[in-house]
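**Student:** The numbering of the sequence shown is this note's numbering, which starts it at 10 and goes up by one.
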Amino acid sequence: MRLSLLIAPFLWLICDGNVVVLREMYGEIRTPNFPDSYPSEMEVTWNITVPEGFRIKLYFIHFDLEPSYLCEYDYAKVETDEQILSVFCGRESTDTEQAPGKQVTVSPGNFLSLTFRSDFSNEERYTGFDAHYSAVDVDECAERNDEDMVCDHHCHNYIGGFYCSCRFGYLLHSDNRTCKVECSDNLYTQRSGIISSADFPSPYPKSSDCLYRIELEEGFVVNLHFDDNFDIEDHPEVLCPYDYIKIKAGRKEFGPICGEKSPGRIETGSNSVQILFHSDNSGENGGWRLSYTVTGVSCPDLRPPVNGKIEPSQSEYTFKDQAVISCNPGYRIIKDSVEMESFQIECRKDGTWSNEVPRCQIVDCKSPKELENGYVTFPTPENTTTYESTVTYLCREPYYSMAPNITAEYTCNDNGVWINPEIAEKLPECQPVCGSPKFSRSKLARISRGNIAKRGISPWIAMLSYSASNNPFCGGSLLGDKWVVTAAHCLHQELEDENALLTPADLLPPSSFKIILGKHRTLKTDDTEQSLQAKRFILHPGYKSGTFQNDIALLELSARAHLNDYVTPVCLPDAEVQADDFVVVSGWGKQFLKRLPESLMEIEIPVVAHEVCKAGYTKMGKLLSEDMICAGLSEGGQDACSGDSGGPMVTFSRETNKWYLVGTVSWGVGCGESNKYGVYSNVYKNLHWIKETVN
Numbered sequence: 010m011r012l013s014l015l016i017a018p019f020l021w022l023i024c025d026g027n028v029v030v031l032r033e034m035y036g037e038i039r040t041p042n043f044p045d046s047y048p049s050e051m052e053v054t055w056n057i058t059v060p061e062g063f064r065i066k067l068y069f070i071h072f073d074l075e076p077s078y079l080c081e082y083d084y085a086k087v088e089t090d091e092q093i094l095s096v097f098c099g100r101e102s103t104d105t106e107q108a109p110g111k112q113v114t115v116s117p118g119n120f121l122s123l124t125f126r127s128d129f130s131n132e133e134r135y136t137g138f139d140a141h142y143s144a145v146d147v148d149e150c151a152e153r154n155d156e157d158m159v160c161d162h163h164c165h166n167y168i169g170g171f172y173c174s175c176r177f178g179y180l181l182h183s184d185n186r187t188c189k190v191e192c193s194d195n196l197y198t199q200r201s202g203i204i205s206s207a208d209f210p211s212p213y214p215k216s217s218d219c220l221y222r223i224e225l226e227e228g229f230v231v232n233l234h235f236d237d238n239f240d241i242e243d244h245p246e247v248l249c250p251y252d253y254i255k256i257k258a259g260r261k262e263f264g265p266i267c268g269e270k271s272p273g274r275i276e277t278g279s280n281s282v283q284i285l286f287h288s289d290n291s292g293e294n295g296g297w298r299l300s301y302t303v304t305g306v307s308c309p310d311l312r313p314p315v316n317g318k319i320e321p322s323q324s325e326y327t328f329k330d331q332a333v334i335s336c337n338p339g340y341r342i343i344k345d346s347v348e349m350e351s352f353q354i355e356c357r358k359d360g361t362w363s364n365e366v367p368r369c370q371i372v373d374c375k376s377p378k379e380l381e382n383g384y385v386t387f388p389t390p391e392n393t394t395t396y397e398s399t400v401t402y403l404c405r406e407p408y409y410s411m412a413p414n415i416t417a418e419y420t421c422n423d424n425g426v427w428i429n430p431e432i433a434e435k436l437p438e439c440q441p442v443c444g445s446p447k448f449s450r451s452k453l454a455r456i457s458r459g460n461i462a463k464r465g466i467s468p469w470i471a472m473l474s475y476s477a478s479n480n481p482f483c484g485g486s487l488l489g490d491k492w493v494v495t496a497a498h499c500l501h502q503e504l505e506d507e508n509a510l511l512t513p514a515d516l517l518p519p520s521s522f523k524i525i526l527g528k529h530r531t532l533k534t535d536d537t538e539q540s541l542q543a544k545r546f547i548l549h550p551g552y553k554s555g556t557f558q559n560d561i562a563l564l565e566l567s568a569r570a571h572l573n574d575y576v577t578p579v580c581l582p583d584a585e586v587q588a589d590d591f592v593v594v595s596g597w598g599k600q601f602l603k604r605l606p607e608s609l610m611e612i613e614i615p616v617v618a619h620e621v622c623k624a625g626y627t628k629m630g631k632l633l634s635e636d637m638i639c640a641g642l643s644e645g646g647q648d649a650c651s652g653d654s655g656g657p658m659v660t661f662s663r664e665t666n667k668w669y670l671v672g673t674v675s676w677g678v679g680c681g682e683s684n685k686y687g688v689y690s691n692v693y694k695n696l697h698w699i700k701e702t703v704n
């Protein structure tokens, strides 16, 4: 008989005439002639095989066989090599026959057989069945019925199989199931520690050989102490045939050790100990744990140095113990003439210390730094400079005074540094005393046709004279001990066009003139003189040569002035001078017949209201700006003159008993003529620029 069987979409093989072999991962099985009625007296078997690691799922989407008692006529039988899983017939299940319905059959392994059989008749023209099968993955990790499939630690399923893995620190054994530990190279070099079987107190791994080595320097002796919780597989008749511990210490050997009784304390007498632990491939024993300590040779007791301490402080020191010697605050360790914060010594294996305990020496801050324009004093004749000693800085009076709100006392601290609680290591500052001349005025005279000023009466005045001829050409005023303020027009050549802008070529070279302090006589040399050069000069940024606006400049001296009775600075004003206030003007300007005076001249004149002065000069076509001050008498006769430019106009404060610079000689019409007042640059209006420039 020719069979008309459909297996789609895969090829199939027919063996022995009525056996079909299927090896694909899925497929469809139909009775002959389906969907027409199947033939009579027919028997066909489909043997389905899928790869290892898979099972076979079989189900019917159409089933129509002749019903019979216990399916004795026509049937579909599902079986494996060893057992029949199901026998189906009919269309619906009854008490005596079973139809598959929606039932799914899953094979226990990778093989499943389906047999179709029909008897001699098919009177009602039953159509047969349409079945489908597919390979399904087996989750071996979830099905642990087979002990050979169990992993020691972790099981991982994949399509068609599974594999085992181990926890961190373990290795998979050659059987691909058992986990062992790699523990053949455990080295301990600390002077104490804890060693245990893997996973203690959980069961230790199988099929492992663990070696633990304790290696310390010669001079130490290792002592072992096993915990009471001790469990290594043993045998009632044979000494430790399965699992055991063996200990080797120098020439001594201990073990094998197993069972449930702890060996307790073992004094090895050696600085080198090997512990071998062996386990076979079976057993679930808890394992063991030990702690080890060492003892060593003792060193002599230590005593701290005077004014020092030792850490750690303990009653006994043994080999390799270290001690750190340090000193109390204010003291330093001195070792081989070297000063240090601390010093460490160690107990050696022969019972001696690596060094002697050093001594502690008091900190010495050494001589305090010198103070510019000042000096230092000690409270005792011994001039002690060691820890907690004090010194006091003083300024060279009466020419310098200490910066306000500064305590001048310094203490030697524990770091060897002189410290002031307010300014730390920074030195105090001696500031020049301003506006306090040693010599007082008895009578003031006019500059024009006036009398000679008393020597030293204006110690802040400076003479500007040409280096080549020694002829004076302007004056100035000393600020502090490094700066001189003068008129800006003194420091450049006269311009042909008064509206022209200044260029660098118009400025006087600083080397072309000198600044003389302590000067009194005009052309003769005084023994109080100090002749200095200008390091640089700075014109006011708003200076206009054509109108004398902001006619003020600053000279930085190449060296600091030496302050004395004849050279002291003037104070900068803290308020603006008012109309009718009296001011004093000084200078070496030319007098009648354009002759220079023999010595410094000065005059006391009143300040003129700005509106009055401005009205007079406006009639003459002259500009009087807000940064200018007028002073003089309406009838004339008292005024600055040629050569006085840049010189000081000062006023005296009875509240502070000091002289303040309120103006510098700038310009005027004639010298001492009626209704033609002298014009001065207002220092207070330029105070911000002056302070910012001289810092």
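Idealized CB from N, CA, C, for every residue including glycine.
By Cβ distance, which residues of its chain are closer than 6 Å to Asp636, with the 5 residues on each side in sequence left out?
**Tutor:** The residue given as residue 636 occupies position 627 in the sequence shown. Cβ neighbours of Asp636 beyond the five flanking positions: Asn559, Asn691 and Lys694.
**Student:** Is Thr187 near Leu225, with beta carbons less than 8 Å apart?
**Tutor:** Along the sequence shown, read from residue 1 onward, the residue named residue 187 stands at position 178. Along the sequence shown, read from residue 1 onward, the residue named residue 225 stands at position 216. For Thr187 and Leu225, no; Cβs fall outside 8 Å.
**Student:** Checking the sheet assignment: what are the DSSP bridge partners for Ser300?
**Tutor:** Residue numbering aside, residue 300 sits at position 291 when the sequence shown is read from its first letter. DSSP, once it has assigned bridges, lists Ile203 and His234 as partnering Ser300.
**Student:** Would you list the residues sitting across from Gly596 in a DSSP beta bridge?
**Tutor:** Taking the sequence shown and counting its residues from 1, one reaches residue 596 at position 587. Gly596 is bridged to Met610.
**Student:** In chain order, what are the residue ranges of uninterrupted alpha helix (DSSP H) at least 4 long that sit wholly in the segment 345-422?
**Tutor:** Whole alpha helix (DSSP H) segments, 4+ residues: zero.
**Student:** Could you spell out where the alpha helix (DSSP H) holding Ile699 opens and where it closes?
**Tutor:** If you number the sequence shown from 1, residue 699 lands on position 690. Element bounds for Ile699: Leu696 to Val703.
**Student:** Given this structure, state the Cα-to-Cα distance separating Arg455 from Cys404, to the nearest angstrom.
**Tutor:** The residue given as residue 455 occupies position 446 in the sequence shown. The residue given as residue 404 occupies position 395 in the sequence shown. Because Arg455 carries a pLDDT of 41, less than 50, the predicted location of this residue cannot be relied on, and no value is offered for it.
**Student:** Cys483 lies in the beta strand (DSSP E); which residues open and close that run?
**Tutor:** Counting from one through the sequence shown, the residue named residue 483 turns up at place 474. Run containing Cys483: Pro481 to Leu488, per the beta strand (DSSP E) assignment.
**Student:** Under DSSP, the alpha helix (DSSP H) around Val621 begins and ends at which residues?
**Tutor:** Position 612 of the sequence shown, counting from 1, holds the residue named residue 621. Here the alpha helix (DSSP H) through Val621 covers His619 to Lys628.
**Student:** Quick one: grab the DSSP three-state call for Asp515.
**Tutor:** Within the sequence shown, residue 515 is the residue found at index 506, counting from 1. Asp515 falls in the helix class under three-state DSSP.
**Student:** State buried or exposed for Thr386, treating a residue as buried only when at least 16 other CB atoms are found within 10 Å of its CB.
**Tutor:** Here residue 386 refers to the residue found at position 377 of the sequence shown. When all chains shown are included, Thr386 counts as exposed.
**Student:** What does the alpha-carbon distance come out to for the pair Arg663 and Gly551?
**Tutor:** By 1-based counting over the sequence shown, the position of residue 663 is 654. By 1-based counting over the sequence shown, the position of residue 551 is 542. Taking the straight line from one Cα to the other gives about 33 Å.
**Student:** For Phe63, report the span of its beta strand (DSSP E) as first-last.
**Tutor:** As a first step, residue 63 must be located in the sequence shown, where it is residue number 54. Note, Phe63: beta strand (DSSP E), Phe63 to Asp73.
**Student:** Which residue wins for smallest C-alpha separation from Ile57, given the options Tyr68, Val30 and Gln331?
**Tutor:** Position 48 of the sequence shown, counted from the start, is the residue given in the question as residue 57. Selected option, being the one with the closest Cα: Val30.
**Student:** Given a cut-off of 8 Å on the beta-carbon distance, is the pair Leu517 and His501 in contact?
**Tutor:** Counting from one through the sequence shown, the residue named residue 517 turns up at place 508. Counting from one through the sequence shown, the residue named residue 501 turns up at place 492. Result yes, Cβ atoms of Leu517 and His501 sit closer than 8 Å.
**Student:** Can you give me the C-alpha to C-alpha distance between Leu722 and His549, rounded to a whole angstrom?
**Tutor:** With the chain covering only 10 through 704, there is no way to say anything about residue 722.
**Student:** Leaving out five residues before and five after Gly425 in sequence, what residues of the same chain have Cβ atoms less than 7 Å from its Cβ?
**Tutor:** Residue 425 sits at position 416 when you count from the first residue of the sequence shown. Excluding positions up to five away in sequence, the list reads Val372, Asp373 and Cys374.
**Student:** With the cut-off set at 8 Å, would you say Ser174 and His163 are in Cβ contact?
**Tutor:** In the sequence shown, counting from the first residue as 1, residue 174 sits at position 165. In the sequence shown, counting from the first residue as 1, residue 163 sits at position 154. Taking 8 Å as the Cβ cut-off, Ser174 and His163 qualify as a contacting pair.
**Student:** Cα-Cα, which of Asn195, Arg357, Tyr402 and Glu406 is closest to Glu379?
**Tutor:** Walking along the sequence shown from the start, residue 379 turns up at place 370. Per the Cα distances, Tyr402.
**Student:** Give every residue of the same chain whose Cβ lies closer than 7 Å to the Cβ of Ile168, excluding the five residues on either side of it in the sequence, and list them in chain order.
**Tutor:** Here residue 168 corresponds to residue number 159 of the sequence shown, with the count starting at 1. Cβ within range, chain order: Asp146.
**Student:** Cα-Cα, which of Ile266, Thr304 and Glu246 is closest to Glu227?
**Tutor:** In the sequence shown, the residue the question calls residue 227 occupies position 218. Cα-wise, what sits closest to Glu227 is Thr304.
**Student:** Taking buried to mean at least 16 other C-beta atoms within 10 Å of its own C-beta, is Ser449 buried or exposed?
**Tutor:** Your numbering for residue 449 matches position 440 in the sequence shown. Exposed, because fewer than 16 other Cβ atoms sit within 10 Å of the Cβ of Ser449.
**Student:** Using a Cβ-based criterion (distance less than 7 Å to any ligand heavy atom), does Gly178 qualify as near the ligand GDP?
**Tutor:** The model depicted lacks the ligand GDP and carries no ligand whatsoever.
**Student:** For Pro390, which option in Gly383, Val400, Tyr384 and Asn382 has the closest C-alpha, if you only look at C-alpha atoms?
**Tutor:** Residue 390 sits at position 381 when you count from the first residue of the sequence shown. Nearest of Gly383, Val400, Tyr384 and Asn382 to Pro390, Cα basis: Val400.
**Student:** Specify the secondary structure class of Val692 as computed by DSSP and reduced to three states.
**Tutor:** For the purposes of this step, residue 692 is identified with residue 683 of the sequence shown, where counting begins at 1. If DSSP states are grouped into helix, strand and coil, Val692 belongs with coil.
**Student:** Under a Cβ-count criterion, where at least 16 other Cβ atoms within 10 Å of its own Cβ denotes burial, should Phe69 be classed as buried or exposed?
**Tutor:** As a first step, residue 69 is located in the sequence shown; it is residue number 60 there, counting from the start. Buried, since its Cβ has 16 or more Cβ neighbours within 10 Å.
**Student:** Measuring straight from C-alpha to C-alpha, what distance separates Phe661 and Cys580?
**Tutor:** Here residue 661 corresponds to residue number 652 of the sequence shown, with the count starting at 1. Here residue 580 corresponds to residue number 571 of the sequence shown, with the count starting at 1. Roughly 10 Å separates the two Cα atoms.
**Student:** Helix, strand or coil for Ser520 per DSSP?
**Tutor:** One-based indexing of the sequence shown puts residue 520 at position 511. Correct three-state label for Ser520: helix.
**Student:** Compare the Cα-Cα distances from Asn185 to each of Val159, Val617, Val594 and Leu196 and report the closest residue.
**Tutor:** Looking up residue 185 in the sequence shown gives position 176. The candidate whose alpha carbon is nearest that of Asn185 is Val159.
**Student:** According to DSSP, which residues form a beta bridge with Glu538?
**Tutor:** Taking the first residue of the sequence shown as position 1, residue 538 is located at position 529. None, per the DSSP bridge assignment.
**Student:** Return the CA-CA distance between Gly110 and Glu149, expressed in angstroms with no decimal places.
**Tutor:** Against the sequence shown, residue 110 aligns to sequence position 101. Against the sequence shown, residue 149 aligns to sequence position 140. About 29 Å.
**Student:** Where do the ends of the beta strand (DSSP E) carrying Thr114 lie?
**Tutor:** The sequence position of residue 114 within the sequence shown is 105, counting from 1. Where Thr114 is concerned, the enclosing beta strand (DSSP E) stretches over Val113 to Val115.
**Student:** Do the segment 291-300 and the segment 238-252 touch if we need at least three Cβ pairs shorter than 8 Å?
**Tutor:** At 8 Å Cβ cutoff, the stretches touch.
**Student:** Please state the DSSP three-state secondary structure of Ala497.
**Tutor:** The residue given as residue 497 occupies position 488 in the sequence shown. In this structure, Ala497 counts as helix in the three-state DSSP scheme.
**Student:** Flag this pair as yes or no: are the beta carbons of Thr531 and Glu611 separated by less than 8 Å?
**Tutor:** Here residue 531 refers to the residue found at position 522 when the sequence shown is read from its first residue. Here residue 611 refers to the residue found at position 602 when the sequence shown is read from its first residue. No. Outside cutoff.
**Student:** Opposite Lys261 in the DSSP bridges: which residues?
**Tutor:** Taking the first residue of the sequence shown as position 1, residue 261 is located at position 252. DSSP output for Lys261 lists Ala258 as bridge partner(s).
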